[in-house]
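What follows is a set of notes on a single structure, which appears directly below.
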Amino acid sequence: MTRPFMAGNGSRLALTAGVAAAALTLAAGQARAQVHPNDACGAPVDGVVTCSADNRYDNGVWYGGEMTTDVFIRLEDGVFIAPVDYRAGLHTVTQNAGITYDGAGASVTTRNATAVSALVEGAGDIFIRMGDVFAVSDGETGADGVATFNHEGTTVIEVDRVSTVGDYARGISAESLIGDITVRAGSVETRGAYAEGVVVSTDGAIRIDVGSVTTNGELALGVVADGGLGSIWITADTVDTTGFAADGVTAFGAGPIAVSVNQIRGEGDYVWGVRVGNGGFDADGNAYFGDTQISVGSINLVGDNNQGVNLDTLGSGFVSVGDISIEGANGAGVAVTADGGATVYVGSLQLSGENTVGVAIATRDGLALADVGSVTSDRGGGVVVQSEAGSAQANVRFADVGGDFTYGVAAASQSGNASARADEVVTRGYNAQALYVSSLFGSVQGVLGSAVTYGDISRGVFATGREARVTVTGAISTSGLASEGVLVRATSGDADVFAAGPVETLGDQAVGLSVDSSYGATRVRAAGPVTTRGLEAHGIFGLGQHGDTLIAADSVVTSGDGADGIRARTRFEELQGGDFPPPFAFDGDIEVSVRRVEVSGAGSMGVSARGLGDARLTVGDALAYDSFALDANMIGAARIDLHGTARSTLGTAISAQGESVAVTIGAGARVEGGVDGLVLAAGARCVLPNTGQAGWVNPCPNPGYDQLPFETPFPPQPFGLGGVATVANAGVVVAGSGHAVRITDGALSLRNTGQIFGSLSTAGGDDRFENAGLWEIGRDSEFGGGVDLLVNTGVVRFGEGASPRAFVLRDLERFENAGLIDLRNGAIGDRLTVSGAFIGLSGSTVALDVDLAGSVADRIVIAGAATGTTYLTLNGDYSQATLGTPQGIVVAEVGAGSSVGAFAMAEGEGDRGFVGHSLSYDADARRYALQTAASAAAYRQTGLLQALDSVWTSSADLWRSQAARTRDLGVSGDADGGFWFALQTGESSRDWTTETAGGDAVALDYRQDRQGAQFGYDQPINETLRLGVTGGYGRSTLEYRQSVDAFDVSTFSLGGYAAATRGRAFAGLLVKYDRHETDVASGALSREVELSGSSWGAEGEVGYRFGGAGLFVEPLGGLRWMRSSADDLTNGAQTLAFEDADDVALRLGLRVGGSTAMPGGGRLGFYGGAAVLRSFGDDYGLRLTSGETAWVETDRVETWGEGRFGVSYRNASGLETFAEGQADLGSDYDALSATVGMRVRF
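In the working numbering, each residue's number is its place in the sequence shown (first place is 1) plus 3.
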């Protein structure tokens, strides 16, 4: 069953006077044909009749007929009119006279006849006030509750309650040609088909005010107002209808219409809660309409094809509904069609059934506005707002829709602006857009809180207009084929998208954020994470056609093949076809900034920027699987700033092409390529738009066009000369199977302050590589044509290798080195070849691995001229170094024109073990080779013997001083036996230089300190002989000034001595043994070594004393013999065997002293002396054995002078204390010492 046609807008304007007259004549004739007036309440007096409650009115109450005066019928309270069947209850007909029924306390009941009716043929007012009205029809004859008609005049109907039963039995029916009609009713109830509750029809004003209206029957409308140019005002508390097409409230007119209902309920198919048509046309085609206002508290409908509110107007409309609930297919909560503006407010909509829609608005010129709290449609759509020439605006707090080809929230305009705003949207259908906003010639704006879509081609946001702006404050989640998170198209202006929250898509070609514009800028900002999973599901796609593209994102992750993290493009706007060139603009810059992007699918790029103008990529981390982590291919300049990691596991990490290229890798950033680290091309290229002609292949394609697999490949584009690719690396660049940096076109300008692991490959430009950081070479580097320059102030090194490797810097014209070239990688025998000239600037150093026990070393080969000076430093086990053959080990080769001193040993480099190394140059072969000999460290070890000698003589000096004081006591008559001890501290230094066997000077300057204690006991044997024993302990440290070498000696000594005196002559003899333990530290040793040693010696002295106890002079002479020895020192394959150090020294001197008595019986003594010593001993020597044997020796101090001064005090009991100072001075040798002690006589 389909809904029958009902007259729409302007139905009253279509009536003519002739039609109305015919209808009036028909009604009057029917009334007279039934019964003549019965004057049941008596004859009218001045038109007034009173009906008593005491009477029965079996035939009803009928007046009128030919009456031309007003009729006033008063019905007393309690009047009950119940005529027999087929007779009207209260019925009056007048001619141009008014009719009044005043019976608020009366009731009328009829069967098969209208209960209350009033008919004015012509002009006349009608006023009806009744209590209860009840009419029953058998279904064949209509039986209205209340029915009125006049041509003109006011009609007012006030009824407490109206109830009808039967088909076509209306509750209240009021009709006038042009008169105003007012209906007030407490309740109206009908049961039967076509039995409307309240029906009002007039060209005048209509006012309906009812408490409740209840109908039950097909096409039994609740309230119907059919008006003309007059106003319509309908208010009701509740309208409840049951039956097919049983609308709740229906109003048609061409003037102002207002409907206000608290609650509408309907059950049945094709039930519309409120149906309003406003506007019509006269015979001349002139339009008439008024404003419409509809306000409903709640609408609850059950059945298919139902609508909560339906408004069709030529003017403007306003609809406000609290809650709408519709159960059934093909339903609509609110449907509005307006030539003017339309505004709809709905609190909540609940729809269940297929093909339902919450709100649908369509306007022609005015604003279309929908504001909805929530809409839920399990198999339908949400809110759709459209305007042809005006603006469209949709605001929804929550929408959950489940139908195919539907919208959660939609706003569209053809030539006006459109905006849509939603807090939360869920769609569950095929091609179901969560938020849709569109305009053909206007601007669009979308604001979305969050959205979830389930289904193919179901986007979170779809916006298209001349200018488009979209803001997403929350999360978007889509799942389905081609279900973009946000899809925005601007046809003639800017396209702006801001996503503050996360965007997640699941499905092939489901781009997270897809934005493009024509003749404007494309701007995308994604503050939240963007995540896609699916084939060709890019994270962010931005396209500028004849405009710029700007993208800023925090985090982008894709996991499908061919799914770029960020894809940015600029192109020509090619709406027109035909031959070029039209006035195309060669612009379209791209700017992308992203904190992190990660793609894991095959053929997926992390960030890709391609197009017409310049591009700048500012990236934190970019991770890809087998394609570019970062890609820039521009007709203009391409710039990439990397602050994190750019990695392609199986592909090239960074690709950049443009008229000029600049890549900056910040400190802490890292580039890792499975193939190449960076591939760059710089130079001008031609570019032309596509013509669209069949078979035409663009010779100069725009890189902003991405080719599909089935398309004809673009021809190679030659790059113009003069392009420069600039790379500034402060981070790390790591190559895989390819190169760290590869230039396919243009010149390279590379400055490295970070680390580069891998080779370089350049094209034909004049390349410049400034390395101030680390460059680790892992394969040959190709510098191509041009005049190329490598300036190294940092480190160029070989990577680790299990076996030696050879790498070439091919086609490099000039290598200026002020840094380190480091071939030390654990594999001995590496070779670096420089194809051009090599200039060693200040600081130029080459470090080599050397097998110091064999004849193999790394080698640097300079094919061109080597000039300047480059110092060599060696890496090897110096403890295994052997004394080699005269041919040496080749470490460098140079080309023609090289200077003799192009290579030299670094300072101290030949002195890092006991086997030293020097560099020789073979001018004929143009080779530098290492030569071996005993090192300076080996020469320094001879200082151990001198340290032992010094310790022995220092303790011997204490004995000699004690022997002199004993003589002084003998002169005073106090030379009894006794115990003595002395404490000594001192320091000596020597400026000492020797020469190696090869004639090289070795600096052996040292400083030696000593501290010790010596003890002794002696006893006179007779008047001329005294015997004694002595022992002691001392520590001494000898340190070399120009090295870390040092000896720390601990010594225990034991000896015996004798002294003889005859007259003034005297003699003394000391025999002493020292046992040494020495800690040896040296730069040639990996750790300290402990050696044992000893010193044997004897010292004799003779002299003669002149003078007495007060003052004396002693000429002295002495002779000393001693021998010092030490254990062999073994260091790896090297052995140092110390030769015993024998020395004979002669002493000649003079001693002067005296003493004087002190109060208390004590005696104060003093003395001083000087001597000259001459050593006749052998030089210090050792044998270095490592493969071969080398003799090492250093000279002694031969002659030096000695001076000393001392004081002593002996008390009356024989206790003596003393203090003494000594100074030695020789050629480049000096020493100072101080001694204190005491002697106890017994």
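Quick reminder that beta carbons are idealized off the backbone N, C-alpha and C, glycines included.
*Please list, in chain order, all residues of the same chain as Tyr942 whose beta carbon is under 8 Å from its beta carbon, the five residues on each side excluded.*
What you label residue 942 is simply residue 939 of the sequence shown in a count that begins at 1. So the qualifying residues of the chain are Thr997, Thr999, Val1005, Leu1007, Val1195, Thr1197.
Open item on the list: Within a Cβ cutoff of 7 Å, which residues of the same chain sit near Asp1051, ignoring the five residues on either side of it in sequence?
Closed with: Walking along the sequence shown from the start, residue 1051 turns up at place 1048. Result list for Asp1051: Thr1040, Thr1081, Asp1082, in chain order.
**Asked** Do you know offhand how far Glu601's Cα is from Thr573's?
**Response** Reading the sequence shown from its first residue, position 598 is the one you call residue 601. Reading the sequence shown from its first residue, position 570 is the one you call residue 573. Cα to Cα, Glu601 sits roughly 23 Å from Thr573.
Inter-residue Cα distance where the pair is Ala188 and Thr241 | One-based indexing of the sequence shown puts residue 188 at position 185. One-based indexing of the sequence shown puts residue 241 at position 238. Going from the Cα of Ala188 to the Cα of Thr241 covers about 12 Å.
Next on the checklist: To test your reading of the DSSP string, which unbroken beta strand (DSSP E) runs of 3 or more residues are found completely within the region 596-655?
Outcome noted: 610-614, 618-627, 633-637, 641-645, 648-651
Any contact of the region 863-876 with the region 891-898, i.e. 3+ C-beta pairs under 8 Å?
yes
Using only alpha-carbon positions, find the residue among Gly458, Ser482, Asp557 that is nearest to Ala503. Within the sequence shown, numbered from 1, the residue matching residue 503 stands at position 500. Taking only the C-alpha atoms, the option nearest Ala503 is Asp557.
* Report all residues from its chain with a CB closer than 6 Å to the CB of Ala423; omit the five preceding and five following residues, and keep chain order. => Within the sequence shown, numbered from 1, the residue matching residue 423 stands at position 420. Same-chain partners within the cutoff: Ala397, Val412, Ala414, Leu438, Val440, Gly449.
When you compare each of Glu69, Asp105, Arg114, Val51 to Asn62 by their alpha carbons, which one comes out closest? As a working note, residue 62 is residue 59 in the sequence shown. Considering only alpha carbons, the answer is Arg114.
My assumption, with CB atoms under 8 Å, is that Gly609 sits in contact with Ala641. Please give the rounded CB distance. The residue you call residue 609 lines up with position 606 of the sequence shown. The residue you call residue 641 lines up with position 638 of the sequence shown. Not quite, the Cβ-Cβ distance comes to about 15 Å (not below 8 Å), so this is no contact.
In whole angstroms, what is the alpha-carbon distance linking Arg1123 and Asp1021?
By one-based count along the sequence shown, residue 1123 stands at place 1120. By one-based count along the sequence shown, residue 1021 stands at place 1018. Looking at the two C-alpha atoms, the distance is approximately 21 Å.
Practice problem: Buried or exposed for Val64, please, with buried defined as at least 16 other CB atoms from any protein chain shown within 10 angstroms of its CB. | Solution: Counted from its first residue, the sequence shown places residue 64 at position 61. By the 10 Å Cβ count, Val64 comes out buried.
Original post:
Which whole runs of the beta strand (DSSP E) in the region 1127-1160 are 3 residues long or more, in chain order?
Top reply: 1132-1134, 1137-1141, 1144-1160
Exercise for the section: Go ahead and pull the three-state DSSP assignment for Leu578. Expected result: Along the sequence shown, one-based indexing puts residue 578 at 575. Low confidence applies to Leu578: its pLDDT is 48, below 50, so where it sits in the model is not reliable enough to give any reading.
Q: Would you grab the beta carbon distance between Ile824 and Val799 for me? Rounded to a whole angstrom, and I think it's under 8 Å.
A: Sequence index remark: in the sequence shown, residue 824 carries index 821 (1-based). Sequence index remark: in the sequence shown, residue 799 carries index 796 (1-based). So it is a contact: roughly 5 Å between Cβ atoms.
Item to check | Nearest-angstrom beta carbon gap, Thr876 and Thr848 [assumed within contact, 8 Å] | outcome: Locating residue 848 in the sequence shown gives position 845, where the first residue counts as 1. Locating residue 876 in the sequence shown gives position 873, where the first residue counts as 1. Going by Cβ atoms, the distance from Thr848 to Thr876 rounds to 6 Å, so yes, they are a contact pair.
Exposed or buried, what is Ser764 when buried is set at 16 or more other beta-carbons lying within 10 Å of its beta-carbon?
-> Counted from its first residue, the sequence shown places residue 764 at position 761. Looking at its Cβ environment, which holds 16 or more other Cβ atoms inside 10 Å, Ser764 is buried.
Whole-angstrom Cβ separation of Ile181 and Ile209, contact assumed at under 8 Å?
The residue you call residue 181 lines up with position 178 of the sequence shown. The residue you call residue 209 lines up with position 206 of the sequence shown. Not a contact, Cβ separation roughly 12 Å.
Q.
Looking only at its chain, what residues have a beta carbon closer than 6 Å to the beta carbon of Val464, apart from the 5 residues adjacent to it on each side?
A. Here residue 464 refers to the residue found at position 461 of the sequence shown. Once the five neighbours on either side are set aside, the close Cβ partners of Val464 are Leu438, Gly449, Leu451, Val473, Val489.
Rounded C-alpha distance that separates Leu948 from Gly980: Start at 1 with the first residue of the sequence shown, and residue 948 comes out as number 945. Start at 1 with the first residue of the sequence shown, and residue 980 comes out as number 977. When rounded, the distance between both Cα atoms is 36 Å.
Per DSSP, what are the beta-bridge partners of Asp854 in this structure? As a working mapping, residue 854 is identified with position 851 in the sequence shown. Looking at the DSSP assignment, Asp854 forms a beta bridge with Val859.
Which runs of the alpha helix (DSSP H) spanning at least 4 residues fall entirely within the region 892-970, listed in chain order? 939-943
Review point. Ala665 to Ser762, Cα distance in whole Å?
Key: To locate residue 665, count along the sequence shown from 1; it is residue 662. To locate residue 762, count along the sequence shown from 1; it is residue 759. Cα to Cα, the separation comes out at about 19 Å.
Can you give the Cα-Cα distance for Ala485 and Phe544, rounded to whole angstroms? Here residue 485 refers to the residue found at position 482 of the sequence shown. Here residue 544 refers to the residue found at position 541 of the sequence shown. Whole-angstrom Cα-Cα distance: 13 Å.
- Please say whether Leu122 and Phe1 have beta carbons closer to each other than 9 Å? Nothing about residue 1 can be read from this structure; the chain reaches only from 4 to 1245.
Burial state of Phe137, where buried means 16 or more other Cβ atoms lie within 10 Å:
One-based indexing of the sequence shown puts residue 137 at position 134. That one is buried.
Next on the checklist: Since Val226 and Ile211 should fall inside the 8 Å C-beta cutoff, what is the C-beta to C-beta distance between them, to a whole number of angstroms?
Outcome noted: Numbered from its first residue, the sequence shown carries residue 226 at position 223. Numbered from its first residue, the sequence shown carries residue 211 at position 208. Sure, about 6 Å apart at Cβ, within 8 Å.
- Residue(s) in a DSSP beta bridge with Phe544: Within the sequence shown, residue 544 is the residue found at index 541, counting from 1. Paired residue(s): Ser517, Arg570.
Exercise. Please report how far the alpha carbon of Met9 lies from the alpha carbon of Ala493, in whole angstroms.
Key: The sequence position of residue 9 within the sequence shown is 6, counting from 1. The sequence position of residue 493 within the sequence shown is 490, counting from 1. The predicted position of Met9 is uncertain, since its pLDDT is 34 and thus under 50; no value can be drawn from it.
*Buried or exposed for Glu1093, please, with buried defined as at least 16 other CB atoms from any protein chain shown within 10 angstroms of its CB.*
Walking along the sequence shown from the start, residue 1093 turns up at place 1090. Exposed: under 16 other Cβ atoms inside 10 Å.
Phe818: first and last residue of the uninterrupted beta strand (DSSP E) it sits in:
Numbered from its first residue, the sequence shown carries residue 818 at position 815. Unbroken beta strand (DSSP E) run through Phe818: 817-820.
Do Ser355 and Gly384 come within 9 Å of each other at the CB atom, strictly closer than that value? In the sequence shown, the residue the question calls residue 384 occupies position 381. In the sequence shown, the residue the question calls residue 355 occupies position 352. Cβ atoms of Gly384 and Ser355: not closer than 9 Å.
Beta-carbon proximity of Trp995 to Asp1231, cut-off 9 Å | Here residue 995 corresponds to residue number 992 of the sequence shown, with the count starting at 1. Here residue 1231 corresponds to residue number 1228 of the sequence shown, with the count starting at 1. Cβ atoms of Trp995 and Asp1231: closer than 9 Å.
**Message:** If I follow the unbroken beta strand (DSSP E) through Ser1189, where does it start and stop?
**Reply:** What you label residue 1189 is simply residue 1186 of the sequence shown in a count that begins at 1. 1183-1189 is the extent of the beta strand (DSSP E) around Ser1189.
Below 8 Å on the Cβ atoms is my guess for Ala860 versus Leu933; work out the distance and round it to an integer in Å.
If you number the sequence shown from 1, residue 860 lands on position 857. If you number the sequence shown from 1, residue 933 lands on position 930. With a Cβ gap of about 7 Å, Ala860 and Leu933 count as contacting.
Notebook entry, point to check: In terms of alpha-carbon separation, which member of Ser740, Asn636, Leu815, Arg915 lies closest to Leu683?
Noted result: Against the sequence shown, residue 683 aligns to sequence position 680. Out of Ser740, Asn636, Leu815, Arg915, Asn636 has the C-alpha closest to the C-alpha of Leu683.
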